[in-house]
Amino acid sequence: MRKSPKSGIMAHKLTLIINYKHVSLAEFKAKADFLYCQDF
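As structure tokens, then:
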């Protein structure tokens, strides 16, 4: 199965989210919002 650039970005974000699971929810949300905004 070929991955589109978009799915690759999402997979990268999921990896980052897993890496951030030890931080506070507030920081996690800030990181997630920041990463999300980078692509749109």
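With our numbering applied, the sequence shown corresponds to residues 4 to 43, in that order. All residues carry an ideal CB built from backbone N, CA and C; glycine is no exception. Quantities reported herein were computed from a predicted structural model and do not represent experimental measurements.
Euclidean distance between Cα positions of residue i and residue j
| i | j | result |
| --- | --- | --- |
| ILE20 | ALA29 | 13 Å |
| LEU38 | LYS16 | 7 Å |
| ALA35 | SER10 | 16 Å |
| LYS32 | CYS40 | 12 Å |
| MET13 | ASN22 | 14 Å |
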